[in-house]
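Each step along the sequence shown adds one to the number in numbering that gives the first Met the number 0, with nothing skipped, and position 82 is 81. Below: one structure, written as structure tokens.
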Amino acid sequence: MKKAVQSIFKSFLVVLFLYYHIGNTAFIHTHVIQNQIITHSHPFLPGAHHGHTSGEIATIAWMNATLAFFAPLASLIYFCVFGIFILQIIHIFFTRIKVAVCSLRAPPYCITMNKD
0 MKKAVQSIFK
10 SFLVVLFLYY
20 HIGNTAFIHT
30 HVIQNQIITH
40 SHPFLPGAHH
50 GHTSGEIATI
60 AWMNATLAFF
70 APLASLIYFC
80 VFGIFILQII
90 HIFFTRIKVA
100 VCSLRAPPYC
110 ITMNKD
């Protein structure tokens with residue numbers, strides 16, 4: 000049951016990503032509202048009837064501002080986590096090399112001479 004839920008969730012994330020990516024690349028359009036040019040993208044049916052209310056324009060502006068603020072922050076967090084991951088891999092690698100070098104020593108060997 001858990002694997003089925005995980006599989007459905009993974010498929011949902013792929014579909015969500017594709018919807019977002021295609022929506023941002025295939026549906027770019029521009030509006031001129033109060034002598035301001037607003038360019039954005041979202042799925043829509045092309046035609047002269049397509050427009051936005053002032054509330055929708057405010058929402059688009061808010062989303063753009065939020066994205067502009069959080070994108071660098073998300074990149075910084077990503078690179079910090081990635082850097083920690085790489086440092087852990089390097090630490091494990093060099094720890095294993097150190098253990099391997101230390102373990103190359105042969106066990107002590109002693110020769111005794113019997114005087115008979």
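The beta carbon of each residue, even a glycine, is placed where N, CA and C say it ideally should be. Quantities reported herein were computed from a predicted structural model and do not represent experimental measurements.
With the cut-off set at 9 Å, would you say S40 and A25 are in Cβ contact? yes
Counting beta carbon pairs with one atom in the segment 53–61 and one in the segment 28–40, are three or more of them shorter than 8 Å? yes
Is H90 helix, strand or coil by DSSP? helix
Can you name the start and end residues of the beta strand (DSSP E) that I36 belongs to? Q35 to S40
Report yes if the CB atom of H28 is closer than 9 Å to the CB atom of H49, and no otherwise. yes
Taking 9 Å as the threshold (C-beta atoms), are H51 and I32 in contact? yes
Looking at G22: is its Cβ nearer than 9 Å to the Cβ of P45? no
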